[in-house]
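Engineer: Following this message is one structure expressed as structure tokens.
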Amino acid sequence: MTACAIEGGTAGAATTADPGPEESGEPEEPVGAESAGAEGAAEPEGAVGAEGAAGAVPAGPATPWAGAPRAPGTFTLTADGAYGARLTAAPGAPGEQRAWYPERWTLDGPEPYAVPLPLHQPEEPDAQVVPLADGRVLIRRRVADRQMFSLLYPTGPATGELALGAVECDGMTLLPPSPDGSSVYGLSAGDHSSLLWLVAGGAFGPELVAEIPGHCSGGVWLDRAGRMLALDRQLPGGGPVKAVAVDLERNGEVTPLLQIAPSSDDRLLLADPDSGLLLIRSDAPGHDRLGWGVLGSCLPVRFPECLRPADVAVTPFAVQPGQMLMPESCAVALRVDGAAGSWVGVWRPQGRRLHQLAAPEGWSAGAGYWSRDGVLHLPYANAATPCAVARIEAPGDDGPLPETGGTDGTDSDASGTEPSGAVTPPVVCKPVPLGQAPLHRAAPPD
0 MTACAIEGGT
10 AGAATTADPG
20 PEESGEPEEP
30 VGAESAGAEG
40 AAEPEGAVGA
50 EGAAGAVPAG
60 PATPWAGAPR
70 APGTFTLTAD
80 GAYGARLTAA
90 PGAPGEQRAW
100 YPERWTLDGP
110 EPYAVPLPLH
120 QPEEPDAQVV
130 PLADGRVLIR
140 RRVADRQMFS
150 LLYPTGPATG
160 ELALGAVECD
170 GMTLLPPSPD
180 GSSVYGLSAG
190 DHSSLLWLVA
200 GGAFGPELVA
210 EIPGHCSGGV
220 WLDRAGRMLA
230 LDRQLPGGGP
240 VKAVAVDLER
250 NGEVTPLLQI
260 APSSDDRLLL
270 ADPDSGLLLI
280 RSDAPGHDRL
290 GWGVLGSCLP
300 VRFPECLRPA
310 DVAVTPFAVQ
320 PGQMLMPESC
330 AVALRVDGAA
340 GSWVGVWRPQ
350 GRRLHQLAAP
360 EGWSAGAGYW
370 SRDGVLHLPY
380 ANAATPCAVA
390 RIEAPGDDGP
400 LPETGGTDGT
410 DSDASGTEPS
420 GAVTPPVVCK
430 PVPLGQAPLH
440 RAAPPD
């Protein structure tokens with residue numbers, strides 16, 4: 000898909016803005032006070048239908064558990080949400096230096112539980128862990144100028160380790176687990192080219208899959224077979240950042256994916272293979288905005304006002320699966336970061352409302368997954384329980400929308416609802432549809 004227009008503005012309105020974080024999992028910059036007049040920042044609502052292993056979700060934004068050390072990395076989930084993995088710290092007195100070790104969470108059983116995977120020496124804080132569908136955990140360690148990879152697994156009271164090999168490079172980032180459950184890819188980005196490695200799931204250790212011209216970041220899977228991968232790329236010599244699709248079964252063939260405006264930075268944050276829903280961050284409207292589109296569609300990308308509350312950063316992290324060909328009905332979970340901490344937002348394109356909900360104490364902010372029936376699962380750990388999952392039913396969007404009335408050419412109000420549309424027609428440009436792989440450029444419609 001190449002998005003070819005903007006709802007609520009023209010492509011010519013794009014200006015150069017500070018680009019967002021290179022990694023798609025990082026929260027976007029908070030919207031400044033200038034947006035407060037167009038869309039109000041609703042206070043977080045109480046949790047709706049939320050319950051966890053340790054009791055009800057507390058009211059208000061989540062604050063880190065006072066006794067928990069700051070985690071060096073993130074909580075990573077398999078594509079199906081069955082397993083999670085993170086680095087955590089060994090118990091110790093407050094203020095005492097603690098040793099980091101990997102921990103695997105099992106989430107697909109009747110009760111979640113965590114298995115520690117320590118080895119003979121503690122891990123460095125910059126190590127990265129990714130769970131696999133068979134319960135093993137891949138760990139990436141940096142040793143001098145090499146990236147070393149091993150698979151960890153519980154074996155009785157100890158931890159087993161299977162060394163996979165090493166890659167000589169200064170830095171590498173592991174991409175989200177492949178939907179096939181057995182493959183993990185790593186991205187080593189340079190100024191002129193980026194190397195994509197298969198670091199787990201190959202036949203002979205780490206394998207170079209593709210060399211992609213330009214500096215790449217992000218990493219979003221577009222299908223359930225683990226073949227089509229979207230990356231955010233900046234060509235050598237600079238220029239805008241554009242999302243591209245990489246076909247892993249055709250030697251890393253690169254195809255344009257997003258083109259909202261010629262000079263805009265267009266990044267892909269999330270994609271749902273079932274419905275085709277895409278969550279996009281772009282500065283085509285004049286500054287960084289969170290928008291949505293549909294894979295393979297030539298309809299304009301929409302930038303809802305409700306996803307732009309004042310003085311907070313909003314970052315999507317999970318999309319409800321199973322909504323075949325119904326992208327507007329998908330529930331999207333968003334991480335909301337503000338001065339009071341982090342909490343959860345839930346939004347549907349058709350509902351045009353951002354519901355703000357309390358997160359459980361000790362939530363691994365930005366981690367979670369949806370069930371097909373619209374229940375959001377949020378892993379957390381605190382003083383009361385070392386491993387738990389809060390379950391939040393997606394709130395409904397019933398009821399009339401408030402009356403709207405904007406002054407900038409769109410309908411908007413202080414409730415955080417999405418404008419109904421643009422007064423002026425969007426600018427139309429040549430679409431480049433993305434269909435099922437292999438990808439080919441389609442002729443423009445008559």
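Counting in the working numbering, the sequence shown runs from 0 upward without gaps. Every residue, glycine too, gets a C-beta built ideally from N, C-alpha and C.
Helix, strand or coil for L116 per DSSP?
Structural biologist: Here residue 116 corresponds to residue number 117 of the sequence shown, with the count starting at 1. Coil, per DSSP.
Engineer: May I have a chain-ordered list of the alpha helix (DSSP H) segments no shorter than 4 residues that lie completely inside the region 188-272?
Structural biologist: none
Engineer: Spell out a yes or no on whether the region 341-353 and the region 295-307 are touching, meaning 3 or more CB-CB pairs, one atom from each, closer than 8 Å.
Structural biologist: Touching, yes, given that three or more Cβ pairs across the two stretches are closer than 8 Å.
Engineer: May I ask you to report which of helix, strand or coil DSSP gives L377?
Structural biologist: Taking the first residue of the sequence shown as position 1, residue 377 is located at position 378. Strand.
Engineer: Quick one: measure Cβ to Cβ for A84 and P109, integer angstroms, because I've assumed they're closer than 8 Å.
Structural biologist: Stepping through the sequence shown from its first residue, residue 84 is reached at position 85. Stepping through the sequence shown from its first residue, residue 109 is reached at position 110. A84 to P109, Cβ: 20 Å. No contact.
Engineer: Can you tell me whether A389 is buried or exposed? The criterion is at least 16 other CB atoms within 10 Å of its CB, across all chains shown.
Structural biologist: As a position in the sequence shown, residue 389 is number 390, starting the count at 1. Per the 10 Å Cβ criterion, buried.
Engineer: What does the alpha-carbon distance come out to for the pair A113 and T75?
Structural biologist: Indexing the sequence shown from 1 puts residue 113 at position 114. Indexing the sequence shown from 1 puts residue 75 at position 76. Cα to Cα, the separation comes out at about 14 Å.
Engineer: Below 8 Å, can you find three or more Cβ-Cβ pairs linking the region 203-221 to the region 240-257?
Structural biologist: yes
Engineer: Near L324, what residues of its chain come up, given a Cβ to Cβ distance below 7 Å and the 5 sequence neighbours on each side ignored?
Structural biologist: Translated into positions along the sequence shown, residue 324 becomes position 325. Hits under 7 Å: S274.
Engineer: Shortest alpha-carbon distance to A229 belongs to which of L247, P235, G236?
Structural biologist: For the purposes of this step, residue 229 is taken as residue 230 along the sequence shown, with counting starting at 1. Checked all of L247, P235, G236; the closest Cα to A229 is L247.
Engineer: For P130 and R334, I'd like the C-alpha separation in whole angstroms.
Structural biologist: Mapped onto the sequence shown, residue 130 falls at position 131. Mapped onto the sequence shown, residue 334 falls at position 335. Distance from the CA of P130 to the CA of R334, rounded to the nearest whole angstrom, comes to 22 Å.
Engineer: Would you call V30 buried or exposed, if buried means 16 or more other Cβ atoms sit within 10 Å of its Cβ?
Structural biologist: For this step, residue 30 is matched to residue 31 along the sequence shown. At V30 the pLDDT is 37, less than 50, meaning the model places this residue with poor confidence; the figure from the coordinates comes in the next sentence. Buried: at least 16 other Cβ atoms inside 10 Å.
Engineer: When the Cα atoms are used, what is the spatial distance from G164 to L173?
Structural biologist: To locate residue 164, count along the sequence shown from 1; it is residue 165. To locate residue 173, count along the sequence shown from 1; it is residue 174. Taking the straight line joining both Cα atoms gives about 15 Å.
Engineer: Between the alpha carbons of A188 and G236, how many angstroms are there, rounded?
Structural biologist: In the sequence shown, the residue the question calls residue 188 occupies position 189. In the sequence shown, the residue the question calls residue 236 occupies position 237. So the two alpha carbons sit approximately 14 Å from each other.
Engineer: Along the beta strand (DSSP E) that carries A162, what are the first and last residues, could you check?
Structural biologist: Taking the sequence shown and counting its residues from 1, the one referred to as residue 162 is at position 163. Per DSSP, A162 belongs to the beta strand (DSSP E) from 157-167.
Engineer: So A330 and P315 are in contact, right, with Cβ under 8 Å, and what is the actual spacing, rounded?
Structural biologist: Taking the sequence shown and counting its residues from 1, one reaches residue 330 at position 331. Taking the sequence shown and counting its residues from 1, one reaches residue 315 at position 316. A330 to P315, Cβ: 11 Å. No contact.
Engineer: Between which residues of its own chain and A317 is the CB-CB distance below 6 Å, once the five residues before and five after are set aside?
Structural biologist: For this step, residue 317 is matched to residue 318 along the sequence shown. Once the five neighbours on either side are set aside, the close Cβ partners of A317 are A332, G367, Y368, W369.
Engineer: Output the distance between the C-alpha atoms of D125 and R141, rounded to the nearest integer angstrom.
Structural biologist: Within the sequence shown, residue 125 is the residue found at index 126, counting from 1. Within the sequence shown, residue 141 is the residue found at index 142, counting from 1. For D125 and R141, the distance between alpha carbons rounds to 8 Å.
Engineer: Are the CB atoms of A132 and G200 nearer to each other than 8 Å?
Structural biologist: Within the sequence shown, numbered from 1, the residue matching residue 132 stands at position 133. Within the sequence shown, numbered from 1, the residue matching residue 200 stands at position 201. Their beta carbons are not under 8 Å apart, which means A132 does not touch G200 by this criterion.
Engineer: Below 8 Å on the Cβ atoms is my contact criterion, and I expect P468 with R223 to pass it. Report the Cβ-Cβ distance as a whole number of Å.
Structural biologist: One cannot answer for residue 468 here, as it falls past the ends of the chain, which runs 0 to 445.
Engineer: Could you check what DSSP says for L306 in three-state terms: helix, strand or coil?
Structural biologist: Numbered from its first residue, the sequence shown carries residue 306 at position 307. Note: L306 maps to helix in three-state DSSP.
Engineer: Would you tell me roughly how many angstroms separate the C-alpha atoms of G420 and D336, rounded to the nearest one?
Structural biologist: Here residue 420 refers to the residue found at position 421 of the sequence shown. Here residue 336 refers to the residue found at position 337 of the sequence shown. Interpretation of G420 is limited by its pLDDT of 31, a score under 50 that renders its predicted location unreliable; the figure taken from the coordinates is listed afterwards. So the alpha carbons of these two residues sit roughly 28 Å apart.
Engineer: Could you work out which residue in D372, A383, S281 is closest to V394 when comparing CA atoms only?
Structural biologist: Start at 1 with the first residue of the sequence shown, and residue 394 comes out as number 395. Residue identity check: residue 394 is Pro in the sequence provided, not Val. Comparing C-alpha distances from P394 to each of D372, A383, S281 shows the shortest one belongs to D372.
Engineer: Taking its Cβ as the centre, do 16 or more other Cβ atoms sit within 10 Å of P93, making it buried, or is it exposed?
Structural biologist: To locate residue 93, count along the sequence shown from 1; it is residue 94. Under this definition P93 is an exposed residue.
Engineer: Could you spell out the range, first to last residue, of the beta strand (DSSP E) harbouring A88?
Structural biologist: The residue given as residue 88 occupies position 89 in the sequence shown. Start and end: 82-88.
Engineer: Along the chain, where does the beta strand (DSSP E) that runs through G292 open and close?
Structural biologist: In the sequence shown, residue 292 corresponds to position 293, counting from 1. Its beta strand (DSSP E) spans residues 288-293.
Engineer: Taking the beta strand (DSSP E) that G344 belongs to, which residues open and close that run?
Structural biologist: In the sequence shown, counting from the first residue as 1, residue 344 sits at position 345. Where G344 is concerned, the enclosing beta strand (DSSP E) stretches over 340-346.
Engineer: Using only CA atoms, which one of P308, L137, T105 lies nearest to G479?
Structural biologist: It is not possible to answer for residue 479, since the shown part of the chain is limited to 0 through 445.
Engineer: What is the DSSP secondary structure of E122, counted as helix, strand or coil?
Structural biologist: Translated into positions along the sequence shown, residue 122 becomes position 123. Here E122 sits in strand by DSSP.
Engineer: What are the start and end residues of the beta strand (DSSP E) that includes A358?
Structural biologist: For the purposes of this step, residue 358 is identified with residue 359 of the sequence shown, where counting begins at 1. That residue, A358, is in no beta strand (DSSP E); it is neither H nor E in DSSP.
Engineer: Just mark D169 as buried or exposed, buried being the case when its beta carbon has 16 or more other beta carbons within 10 Å.
Structural biologist: Working through the sequence shown from its first residue, we reach residue 169 at position 170. That one is exposed.
Engineer: Going along the chain, which residues of its own chain have a beta-carbon closer than 6 Å to the beta-carbon of A98, five neighbours each way excluded?
Structural biologist: Taking the sequence shown and counting its residues from 1, the one referred to as residue 98 is at position 99. Take A98, set aside five residues on each side of it, and the residues of its chain with a beta-carbon closer than 6 Å to its own are A89, P121, in chain order.
Engineer: Closest to V208 by CA distance: which of I279, N250, L221, L234 is it?
Structural biologist: Within the sequence shown, residue 208 is the residue found at index 209, counting from 1. That would be N250, whose Cα lies nearest to the Cα of V208.
Engineer: Among residues of its own chain, excluding the 5 on either side of Q349, which ones have a beta-carbon nearer than 8 Å to its beta-carbon?
Structural biologist: Walking along the sequence shown from the start, residue 349 turns up at place 350. These residues qualify, in order along the chain: E327, S328, D396.
Engineer: Report the rounded CA-to-CA distance for G290 versus T154, giving the unit in angstroms.
Structural biologist: For this step, residue 290 is matched to residue 291 along the sequence shown. For this step, residue 154 is matched to residue 155 along the sequence shown. Approximately 46 Å, taken between the alpha carbons.
Engineer: Taking the C-alpha atoms as reference points, what is the distance between A309 and L267?
Structural biologist: Locating residue 309 in the sequence shown gives position 310, counting from the first residue. Locating residue 267 in the sequence shown gives position 268, counting from the first residue. Those two C-alpha atoms are separated by around 22 Å.
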